[in-house]
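A.B. asks: Questions regarding the structure given below will be posed in turn.
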C-alpha cells in the first residue's frame, strides 16, 4: 500500500514537471516561430490557398543574361538579385515572425544590355527580351498574385538599364492601381535613395585612396563595384584575369559613350582590377538595408509611390525611351506581320 502511494506521488510529480516542460516548450514555440519562407513551385494549390492574403509577401526576382566582359559571368545580375531576395526574406522573417514569404521563380531575362550603349544590338553574351515583353511578364505575374487576393508584391533585381526599370515600374504601378494592392520595384527606389548612395560613397572612401577613386570614374558596369560584389557572392565565377584588366575611366556620358563605341570594347567600365570582396560585401549590406527599409515602410502603411525612383531623367546617354527600343519596335512589327500572314500547319 505504502509503495503504491509513493509510486503515485512520484508519478504525479513526473507528470506535473512534464506538463510544465511541454507548456514552456509550446510557449517558446509561440514566441520564436520563424516566418515561413516558401518557394511557390513546391507548394500545392490548397497550401497556397490557406495563406493569409494580408500577411503574405510575394517576392518576384528578375534576373539578367548580359555580357560582363571577360572576367564576370553573363548571369552576374541574376546571382546578385537572387542573393538579395534570399537575404531579404531571411531578414524580414526575423522582423515579422507573423508574416509568410513566398518566393516566385525568377524571371531570368531582362531588357537592354550594356552593349547597347555603344549601339551593339546583338552580342554573344547578352540575351534579353523586349521592353514591352518584360513589362507584360511582370504585369501578368503580378496580376495573378493580386487576383488571388494577395496584397504585397516586391520585385527585386540588379540591372541598371533605364528601359528595364521603366518597364518594371509601369507594371508595378498598373497592378497596384488596378487591383488595390502594393507592388514595388525595390531596386528602382534604392538607386535613387540618398542614404544608400551615401553608404556606398563612404565604403568607397574606406577601401580606396583618393588617387584610386579618381582613376575609377563612372563605375556603371562590370567595373570596381560589380566585380567586388561578385567576389562576395560568387567568387568561383570571377575570372582571375580581372586583376590584369586596364582601367577604362569615363567621367561623363560623352566619355562613357566613346569607350562603349570604341573598336573591340572589352565590355566593362572603370577599374575591375581594383575590386575587393570586402568592398562588395559592404555594398551588398547597404542595399539590403535599403530594401528592408522600404519593405518595412510599406508594411507600416507609408505610400512609397511618390518617392524618387530610377530613372529620373528622360534621356540617358542622349537617348529617350523610344530611342533605346527603336530596334525592338522594328522586330515587333515584323513579328506581328508574320503572325498575320503565316499559314497554319494542317
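In our numbering, the protein residues as written are 1157 to 1502.
A virtual CB, placed ideally from N, CA and C, is assigned to each residue, including glycine.
Could you tell me the boundaries of the alpha helix (DSSP H) in which residue 1214 lies?
C.D. replies: As a first step, residue 1214 must be located in the chain shown, where it is residue number 58. No alpha helix (DSSP H) holds residue 1214; the beta strand (DSSP E) holding it covers 1212-1218.
A.B. asks: What is the DSSP secondary structure of residue 1310, reduced to helix, strand or coil?
C.D. replies: Taking the first residue of the chain shown as 1, we reach residue 1310 at position 154. Residue state, collapsed to three classes: strand.
A.B. asks: With the cut-off set at 8 Å, would you say residue 1320 and residue 1271 are in Cβ contact?
C.D. replies: Numbered from 1 along the chain shown, position 164 holds the residue referred to as residue 1320. Numbered from 1 along the chain shown, position 115 holds the residue referred to as residue 1271. Going by C-beta atoms, residue 1320 is not nearer than 8 Å to residue 1271.
A.B. asks: Using the Cβ count rule (16 or more neighbours within 10 Å means buried), how would you classify residue 1258?
C.D. replies: As a position in the chain shown, residue 1258 is number 102, starting the count at 1. It is buried - the Cβ of residue 1258 has at least 16 other Cβ atoms within 10 Å.
A.B. asks: Confirm, please, whether the CB-CB distance from residue 1439 to residue 1385 is below 8 Å.
C.D. replies: Looking up residue 1385 in the chain shown gives position 229. Looking up residue 1439 in the chain shown gives position 283. Against a cut-off of 8 Å, the Cβ pair of residue 1439 and residue 1385 comes out as a contact.
A.B. asks: Looking at C-alpha atoms only, which residue of 1483, 1356 and 1403 is the closest neighbour of residue 1288?
C.D. replies: What you label residue 1288 is simply residue 132 of the chain shown in a count that begins at 1. Checking every option, the nearest Cα to that of residue 1288 belongs to 1483.
A.B. asks: Any idea what DSSP makes of residue 1475, helix, strand or coil?
C.D. replies: Start at 1 with the first residue of the chain shown, and residue 1475 comes out as number 319. Residue 1475: strand per DSSP, three-state reduction.
A.B. asks: Could you round the C-beta distance between residue 1420 and residue 1373 to whole angstroms and report it? I think they count as a contact, below 8 Å.
C.D. replies: As a working mapping, residue 1420 is identified with position 264 in the chain shown. As a working mapping, residue 1373 is identified with position 217 in the chain shown. The pair is not a contact, with the Cβ atoms about 20 Å apart (cut-off 8 Å).
A.B. asks: Nearest to residue 1359 by alpha carbon, out of 1389, 1404, 1402 and 1441?
C.D. replies: Here residue 1359 refers to the residue found at position 203 when the chain shown is read from its first residue. Closest by alpha carbon: 1441.
A.B. asks: Whole-angstrom Cβ separation of residue 1425 and residue 1404, contact assumed at under 8 Å?
C.D. replies: For the purposes of this step, residue 1425 is taken as residue 269 along the chain shown, with counting starting at 1. For the purposes of this step, residue 1404 is taken as residue 248 along the chain shown, with counting starting at 1. The Cβ separation is near 5 Å, so the contact holds.
A.B. asks: Which same chain residues end up closer than 6 Å to residue 1417 when comparing Cβ atoms and leaving out the 5 residues on each side of it in sequence?
C.D. replies: In the chain shown, residue 1417 corresponds to position 261, counting from 1. If we look at residue 1417 and ignore the five residues flanking it on each side, its Cβ neighbours are 1274.
A.B. asks: Pull up the CB-CB distance for residue 1313 and residue 1218, whole angstroms please, since I reckon it's below 8 Å.
C.D. replies: For the purposes of this step, residue 1313 is taken as residue 157 along the chain shown, with counting starting at 1. For the purposes of this step, residue 1218 is taken as residue 62 along the chain shown, with counting starting at 1. So it is a contact: roughly 4 Å between Cβ atoms.
A.B. asks: So residue 1307 and residue 1210 are supposed to be a Cβ contact under 8 Å. How far apart are they, rounded?
C.D. replies: Stepping through the chain shown from its first residue, residue 1307 is reached at position 151. Stepping through the chain shown from its first residue, residue 1210 is reached at position 54. The Cβ separation is near 5 Å, so the contact holds.
A.B. asks: For residue 1381, does the three-state DSSP call read helix, strand or coil?
C.D. replies: The count along the chain shown starts at 1 and reaches residue 1381 at position 225. DSSP places residue 1381 in helix when its eight states are reduced to three.
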